[in-house]
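> Mapping to the working numbering: the sequence shown position 226 is 226, numbers consecutive. Quick one: the structure is below, and I'll ask about it shortly.
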Amino acid sequence: MKVICVSGYKNTGKTTLVTRLVEALSEKGSVGTVKIMSHHRFNPTDTDTGKHFDAGADAVAAITDSELVIVKRNPTLDQALDSLADAGMDFAVVEGAKSSSLPKIVLGEAADAEGIVNVVARLPERADWDTDRLVELVLEQEDWVTLGSLIRKIKSNPDIGFSGGIATFTGIVREMTDGTHTQALEFEKYADVAERAMEKICVEMKQREGIIDVLMHHRTGLIKAGEDIVYIVVAAGHRKELFVTLVDALERLKEEVPIWKKELTLDGDFWVHDKSGGE
């Protein structure tokens with residue numbers, strides 16, 4: 001899923017630009033949106049769902065004839081984007097989120113504000129924007145990947161009817177290792193080289209008898225203890241070849257994909273030439 005933020009100060013045309021982007025991107029795939037509404041509430045106290053929520057429900061789902069709304073406690077932008085990716089969205093357009101690290105189209109004077117990072121376009125407010133060029137920018141961004149989105153993708157394979165099962169592996173940041181307390185790991189990779197290496201592994205794994213599809217993804221940046229690092233998904237006709245291929249794909253990922261790991265511990269930080277993630 002490609003993600004882009006539209007940020008700017010109040011009354012700069014953010015919502016107008018978001019709607020134009022949604023219209024244009026909808027011609028290329030499914031689109032989800034996220035609106036940052038820090039001081040608003042979707043389920044006021046005088047509604048039934050609001051009463052459910054205020055009674056202590058951790059999540060409230062409201063269903064109408066045409067809509068499904070889920071209200072959850074302790075929301076985060078990452079959770080919102082994960083839910084859109086899991087739902088099969090090809091694109092996500094976020095209105096707001098100036099302080100996030102996501103790629104941003106920034107309108108007006110906010111483009112020069114300190115603290116706004118990862119700006120991919122600076123535009124005048126309320127202008128005749130070149131939407132086609134902005135769509136090209138969105139397509140250039142890295143994918144937002146979840147395990148759910150990979151499973152959905154593998155299920156869309158035309159040959160999935162020959163599959164008797166899907167197996168997945170999720171590597172996470174191990175917090176405790178031989179008495180060492182790891183707070184986080186930081187991963188760096190040669191983007192094109194690493195992606196090509198993973199694609200090569202997937203292509204070669206798919207040549208095996210009975211294997212329908214293989215997908216993998218390795219996250220980069222700072223990943224905290226307990227969070228996901230790497231996903232591998234395999235679809236196969238039978239469980240015997242399924243689990244063997246899953247293990248072999250993981251071992252090849254560890255050995256062949258150029259990814260560097262910095263370990264942040266209570267005793268200090270150090271780089272490790274280890275491609276295995278936390279598994």
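For every residue, glycine included, the Cβ atom is placed at its ideal position computed from N, Cα and C.
Per the DSSP calculation, C5 is bridged to which residue(s)?
The residue labelled residue 5 in the question sits at position 5 within the sequence shown. Bridge partners of C5: V94, K104.
> Taking contact to mean 3 or more Cβ pairs, one atom from each stretch, closer than 8 Å, check whether the segment 93-100 and the segment 45-55 are in contact.
no
> In angstroms, rounded to a whole number, what distance separates the CA positions of D130 and S30?
Translated into the one-based positions of the sequence shown, residue 130 becomes position 130. Translated into the one-based positions of the sequence shown, residue 30 becomes position 30. Answer to the nearest angstrom: the Cα atoms are 21 Å apart.
> So is H39 buried or exposed if we call it buried at 16+ other beta carbons inside 10 Å?
Against the sequence shown, residue 39 aligns to sequence position 39. That one is exposed.
> Do you know how far the Cα of I160 is from the Cα of F169?
The residue given as residue 169 occupies position 169 in the sequence shown. The residue given as residue 160 occupies position 160 in the sequence shown. Between F169 and I160, the C-alpha separation is close to 19 Å.
> I think A191 touches G210, with their Cβ atoms under 8 Å apart; what is that distance to the nearest whole Å?
Position 191 of the sequence shown, counted from the first residue, corresponds to residue 191. Position 210 of the sequence shown, counted from the first residue, corresponds to residue 210. Not really, about 32 Å apart at Cβ, beyond 8 Å.
> On the DSSP bridge list, what partners appear for E221?
Taking the first residue of the sequence shown as position 1, residue 221 is located at position 221. What sits at residue 221 in the sequence shown is Gly, not Glu. In the DSSP output, where bridge partners are listed per residue, G221 has F187.
> Counting only beta-carbon separations shorter than 8 Å, does E67 have a partner in chain D?
Among the chains in the structure shown there is no chain D, since it carries only a single protein chain.
> Name, in chain order, the residues that DSSP records as bridge partners for A85.
Within the sequence shown, the letter at position 85 stands for residue 85. The partner list for A85 (beta bridge, DSSP) is empty, contrary to what the question assumes.
> What is the DSSP secondary structure of M205, counted as helix, strand or coil?
Here residue 205 refers to the residue found at position 205 of the sequence shown. Under the three-state reduction of DSSP, M205 is assigned to helix.
> Just to check my reading of the structure: V233 and I166 have Cβ atoms closer than 8 Å, yes? What is that Cβ distance to the nearest angstrom?
In the sequence shown, residue 233 corresponds to position 233, counting from 1. In the sequence shown, residue 166 corresponds to position 166, counting from 1. Confirmed, about 6 Å.
> Is the Cβ-Cβ distance between L123 and V3 less than 8 Å?
Taking the sequence shown and counting its residues from 1, one reaches residue 123 at position 123. Taking the sequence shown and counting its residues from 1, one reaches residue 3 at position 3. In this structure, V3 does not lie closer than 8 Å to L123 by Cβ.
> With DSSP run on the structure shown, which of helix, strand or coil describes D143?
Counted from its first residue, the sequence shown places residue 143 at position 143. The answer is strand: DSSP assigns D143 an E or B state.
> Indicate the three-state DSSP secondary structure (helix, strand or coil) for I63 in the structure shown.
As a first step, residue 63 is located in the sequence shown; it is residue number 63 there, counting from the start. Here I63 sits in strand by DSSP.
> For A80, which three-state DSSP category applies?
Residue numbering aside, residue 80 sits at position 80 when the sequence shown is read from its first letter. Helix at A80.
> For the beta strand (DSSP E) containing D228, list its first residue and its last residue.
Within the sequence shown, numbered from 1, the residue matching residue 228 stands at position 228. D228 -> beta strand (DSSP E) spans 228-236.
> Among D178, A184, D213, which has the Cα closest to the Cα of S163?
For the purposes of this step, residue 163 is taken as the residue at position 163 of the sequence shown. Comparing Cα-Cα distances from S163 to each of D178, A184, D213, the minimum goes to D213.
> Please classify S101 as buried or exposed, where buried requires at least 16 other C-beta atoms within 10 Å of its C-beta.
To locate residue 101, count along the sequence shown from 1; it is residue 101. Burial call: exposed.
> What is the C-beta distance between A59 and V71, in whole angstroms, given that I count them as a contact (C-beta under 8 Å)?
In the sequence shown, counting from the first residue as 1, residue 59 sits at position 59. In the sequence shown, counting from the first residue as 1, residue 71 sits at position 71. Correct: roughly 7 Å between the Cβ atoms.
> Name the DSSP beta bridge partners of K72, please?
The residue you call residue 72 lines up with position 72 of the sequence shown. Looking at the DSSP output, K72 sits in a beta bridge with A59.
> Taking Cβ positions, are H181 and E175 nearer each other than 8 Å?
Residue 181 sits at position 181 when you count from the first residue of the sequence shown. Residue 175 sits at position 175 when you count from the first residue of the sequence shown. Cβ atoms of H181 and E175: closer than 8 Å.
> What are the start and end residues of the alpha helix (DSSP H) that includes T16?
Numbered from 1 along the sequence shown, position 16 holds the residue referred to as residue 16. Here the alpha helix (DSSP H) through T16 covers 14-25.
> Within a Cβ cutoff of 8 Å, which residues of the same chain sit near G226, ignoring the five residues on either side of it in sequence?
Counting from 1 along the sequence shown, the entry for residue 226 is found at position 226. Closer than 8 Å at Cβ, skipping near neighbours: I172, V173, E175.
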